[in-house]
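Data block below; observations after.
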């Protein structure tokens, strides 16, 4: 049995897990992120790694390496966390620092890609298929795996949250709003705050579960459904898995998105929703994907 540490680094928390080569996670530890400075954030990452080593009982000398998933722009070749709206790092040499502190092989990847890798492996790792993982959380993004490899394009592949969803003239100026601004978890929270002043985001979904669809939930459902339909029309994937906090906590939401996607179909007779499923790994996907990606990379070398 071989082990790796998988890191899922986010703007609010850092999760670390000891992952074996079968994909099982021996232990997971979580610490809050820090936005104070680059060094304070890195200090929290190290704290999380030491914490999971203690809780797992597996010594560092049995760990093959560390796989890290971080949001935003990543230079995979140089191991640099280039930029993220949610982290204080700017061109931060994360892989170099981790290697210096822990003496292990390090791989760095975008966090959505790491989660996608775990879902793809967990679903059978079919190297003949085109697979998409779409996350709806604080932001919206997707990762594409085509015939066993990530499809990256020139660097922006998967940034579907940046699609222009709304464009209007306001006081002589053009105002554009992206899908992420209108349908992510952050957007939902803002909408709830504007309309209710006091209710929590979850109450918006409670009404959906009770069958009472507000105009806000209808708009959000249709925007996300159009995004899924655009993915299908553009790359025609065999499977689409949807995850992230907004989807994971609201089963009915995915059902409604699937209904809308089937309404949009025009060229195919079979329901397009047959390709769409919810995340099997939920919040564990990022940690498992990071650990597995490290172990599989070592096996391939």
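Numbering (our numbering), first residue to last: 64 to 364.
Positions of the beta carbon are idealized from the N, C-alpha and C atoms, including for glycine.
As the structure is a prediction and not an experimental result, all values here were calculated from the model.
Practice task
Have a look at residue 334 and residue 322 and give me their C-alpha separation to the nearest angstrom.
Solution key: 9 angstroms
Exercise for the section: Kindly indicate which three-state DSSP category residue 259 falls into: helix, strand or coil? Expected result: A caution first: residue 259 carries a pLDDT of 46, below 50, which makes its placement in the model unreliable, though a value can still be read off. The answer is helix: DSSP assigns residue 259 an H, G or I state.
Practice task
Please confirm if the region 80-90 is in contact with the region 208-220, defined as three or more CB-CB distances below 8 angstroms between the two stretches.
Solution key: no
Handout entry: Pairwise C-alpha distance: residue 284 and residue 325
Key = 13 angstroms
Practice task
Could you check how far apart the C-beta atoms of residue 290 and residue 357 are, in whole angstroms? I think they sit under 8 angstroms.
Solution key: The Cβ separation is near 31 angstroms, so there is no contact.
Exercise for the section: Measure the beta-carbon distance from residue 170 to residue 297 and round it to whole angstroms, keeping in mind my assumption that it falls under 8 angstroms. Expected result: At roughly 28 angstroms, the Cβ-Cβ gap does not stay under 8 angstroms, so residue 170 and residue 297 are not in contact.
Problem - Sequence-distant residues of its chain with Cβ nearer than 6 angstroms to residue 319 (five each side left out) - result: 284
Practice task
Taking residue 162 as part of the alpha helix (DSSP H), name the residues at either end of that continuous run.
Solution key: 157-165
Practice task
Identify which residue in 181, 104, 192, 118 has its Cα closest to the Cα of residue 155.
Solution key: 104
Exercise for the section: Taking all protein chains shown into account, decide if residue 237 is buried (16 or more other Cβ within 10 angstroms of its Cβ) or exposed. Expected result: exposed
Handout entry: Reference residue 248; option with closest CA among 204, 97, 182, 344
Key = 204
Practice task
For residue 332, write down the residues that DSSP places opposite it in a beta bridge.
Solution key: Bridge partners of residue 332: none, in fact.
Problem - Which of helix, strand or coil DSSP assigns to residue 99 - result: coil
Practice task
Whole angstroms is fine: what's the gap from residue 299's alpha carbon to residue 177's?
Solution key: 22 angstroms
Problem - Secondary structure of residue 297, DSSP reduced to three states - result: helix
Problem - Straight-line Cα distance separating residue 136 from residue 114 - result: 27 angstroms
Problem - Minimum Cβ-Cβ distance from residue 356 to chain B less than 9 angstroms - result: This model lacks chain B altogether, as it is built from one protein chain only.
Exercise for the section: Can you tell me which of the three DSSP states residue 133 falls into? Expected result: strand
Practice task
On a CA-only basis, which of 223, 197, 282, 215 is nearest residue 345? Give me that one, please.
Solution key: 197
Exercise for the section: Per DSSP, which residues does residue 144 bridge with? Please list them. Expected result: 137, 155
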